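In my numbering, the protein residues as written are -7 to 166.
Put into C-alpha cells, the structure is as follows:
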C-alpha cells in the first residue's frame, strides 16, 4: 500500500513540476510578446491563477511529506523523550489530517458544483475554470493518505522526525 501511495505521490509531483515548467514558458512567452510586439498572450494571468499555481502548490504536497521535506522546527521536541515526542507527532499529524480532510471535502464539493454548472471565466475568451478546481482536492486528498500512513507509523512507535534527520545528516556531509 505504501509503495502504491509513493508512486501516486511521485506522479502528482511530476504533474506539479510539469505545471511549473509550462507556467514558466507561458509567462516568458507573454512577457516577450508584450515587450517586443505589444501583443500579450490572452488569459495568461487567468490560466496561471486557475491552473498552474494550484497544481504547483498542491500536487507535490504528498511527496514532500513522504520524503520529509516539509519545513519543521524541532527546538522543543529534540529535548523530549521518545514517548513524549511520539505524542507530539501524533497530535500534530492528527491536526493536519483533520484540517486537510476538511479542506479536501470542501474543495471537492466546490469542484463538483463547478463541474455541474460548467463554470467558466469570461474574458477575451471563455475559459473553463472547473477542471482546475479538481487539482486542490486531489492534492489535499493524497496528502491526507500520506498523513494516515504517518499516523500508523507513529502508532507503531516510529519516530518520523528521526527517520528524516538521519537523511538530512547524510546530505549535509556530502
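Just so it is clear, CB atoms sit at the ideal spot from N, CA and C, and this is done for glycine as well. Source: prediction; values computed, not measured.
| Check | Outcome |
| --- | --- |
| Contact between the region 110 to 119 and the region 36 to 43 is defined here as three or more beta-carbon pairs at a separation below 8 Å; is this criterion met? | yes |
| Can you round the beta-carbon distance between residue 125 and residue 103 to whole angstroms, since I take them to be within the 8 Å contact cut? | 4 Å |
| With respect to the alpha helix (DSSP H) encompassing residue 143, which residues constitute its N-terminal and C-terminal limits? | 127 to 147 |
| Could you check the C-alpha separation between residue 73 and residue 151 for me, to the nearest Å? | 11 Å |
| Below 8 Å CB to CB, which residues in the same chain sit around residue 32 once its five sequence neighbours on both sides are set aside? | 22, 25, 26 |
| Check residue 76 in the structure and name its three-state DSSP category. | helix |
| Leaving out five residues before and five after residue 119 in sequence, what residues of the same chain have Cβ atoms less than 8 Å from its Cβ? | 35, 38, 39, 42, 112, 113 |
| Identify which residue in 44, 83, 56, 144 has its Cα closest to the Cα of residue 0. | 56 |
| Near residue 143, what residues of its chain come up, given a Cβ to Cβ distance below 8 Å and the 5 sequence neighbours on each side ignored? | 82, 85, 86, 89 |
| Assuming contact is defined by CB atoms lying nearer than 8 Å, are residue 128 and residue 7 in contact in what I supplied? | no |
| Rounded to whole angstroms, what is the Cα-Cα separation between residue 162 and residue 155? | Low confidence applies here, because residue 162 scores a pLDDT of 47, under 50, leaving its location unreliable and the question unanswered by this model. |
| Assuming residue -4 and residue 54 make a contact with CB atoms under 8 Å, what is their CB distance in whole Å? | Residue -4 to residue 54, Cβ: 12 Å. No contact. |
| Exposed or buried, what is residue 4 when buried is set at 16 or more other beta-carbons lying within 10 Å of its beta-carbon? | buried |
| Judging by CA-CA distance, which residue of 98, 97, 123, 96 is the nearest neighbour of residue 108? | 123 |
| I need the boundaries of the beta strand (DSSP E) containing residue 118, first residue and last residue. | 118 to 120 |
| Starting from residue -4, trace the alpha helix (DSSP H) both ways and give me its first and last residue. | -6 to 29 |
| Give me the Cα-Cα distance between residue 100 and residue 11, rounded to the nearest whole angstrom. | 20 Å |
| Using a 10 Å radius around the Cβ and a threshold of 16 neighbouring Cβ atoms, would you call residue -6 buried or exposed? | exposed |
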